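Let me begin by presenting the structure, written as structure tokens, before commenting on it.
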Amino acid sequence: MVEVVSIIIAIVSFVGALVAAGITAWVTIFSDERKRLSEAEKLVGKYRDPLLLAAQDLQSRLYNIVDQEFTRLINDDERAKDNVLKYTCFLVGQYLSWTHILRRESQFLRFSTDKDNRDISAVLLDIRFAFLTHRTPNSGTVLQYIR
Numbered sequence: 013m014v015e016v017v018s019i020i021i022a023i024v025s026f027v028g029a030l031v032a033a034g035i036t037a038w039v040t041i042f043s044d045e046r047k048r049l050s051e052a053e054k055l056v057g058k059y060r061d062p063l064l065l066a067a068q069d070l071q072s073r074l075y076n077i078v079d080q081e082f083t084r085l086i087n088d089d090e091r092a093k094d095n096v097l098k099y100t101c102f103l104v105g106q107y108l109s110w111t112h113i114l115r116r117e118s119q120f121l122r123f124s125t126d127k128d129n130r131d132i133s134a135v136l137l138d139i140r141f142a143f144l145t146h147r148t149p150n151s152g153t154v155l156q157y158i159r
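Residues are numbered in the numbering used here as their position in the sequence shown, beginning at 1, plus a constant of 12.
Dropping the structure here:
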């Protein structure tokens, strides 16, 4: 009888230890996941506004050049054309700098797990593809209107 009781106590202790280990593992994994998501949210929060402003400035400039025929207004003024070219290059560099900073900072985070982060990653990938593509849908070169 004593042997049966000690076996039952050993089995209950073993099951209890397994349950405790399972709960500890689950809490650790959940805690690490929350910490990782929190770091990703902080990263996006830190760089979202400067990146959005840089993208908005660049978008506005490209829209003015392409759709508003901005450069035709200054065709005769070489100094104005030079300023337009330099400032447009500055805006491109500013945008690329912020995306580089975001990419460098998020290098070790799984950045594409949260829906908002996935959306940002998709938009950045689309813009990156547009910069890598050397032709426009109208078969002209990108930024051809700046010259």
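Where is the CB? At the ideal position from N, CA and C, for every residue including glycine.
A quick note: this is a predicted structure, and the numbers were derived from the prediction, not measured.
Taking all protein chains shown into account, decide if residue i is buried (16 or more other Cβ within 10 angstroms of its Cβ) or exposed.
i, result
"isoleucine 23", "exposed"
"threonine 100", "buried"
Compute the Euclidean distance between the alpha carbons of residue i and residue j, then round it to the nearest angstrom.
i, j, result
"valine 56", "isoleucine 21", "52 Å"
"leucine 70", "threonine 111", "13 Å"
"tyrosine 59", "glutamate 51", "12 Å"
"alanine 33", "threonine 40", "10 Å"
"arginine 159", "leucine 137", "In this prediction, arginine 159 has a pLDDT of 39, which is less than 50 and means its spatial position is unreliable; what the coordinates show is noted afterwards. Approximately 27 Å between the Cα atoms of the pair."
"arginine 84", "alanine 142", "24 Å"
"valine 96", "aspartate 61", "25 Å"
In chain order, what residues of the same chain lie with their CB nearer than 6 Å to the CB of residue i, ignoring the 5 residues before and after it?
i, result
"asparagine 76", "Phe82"
"isoleucine 86", "Ala92 and Lys93"
With the cut-off set at 8 Å, would you say residue i and residue j are in Cβ contact?
i, j, result
"alanine 66", "tyrosine 107", "yes"
"leucine 49", "arginine 73", "no"
"leucine 230", "leucine 64", "Because the chain spans 13 through 159 in this model, residue 230 falls outside it and cannot be assessed."
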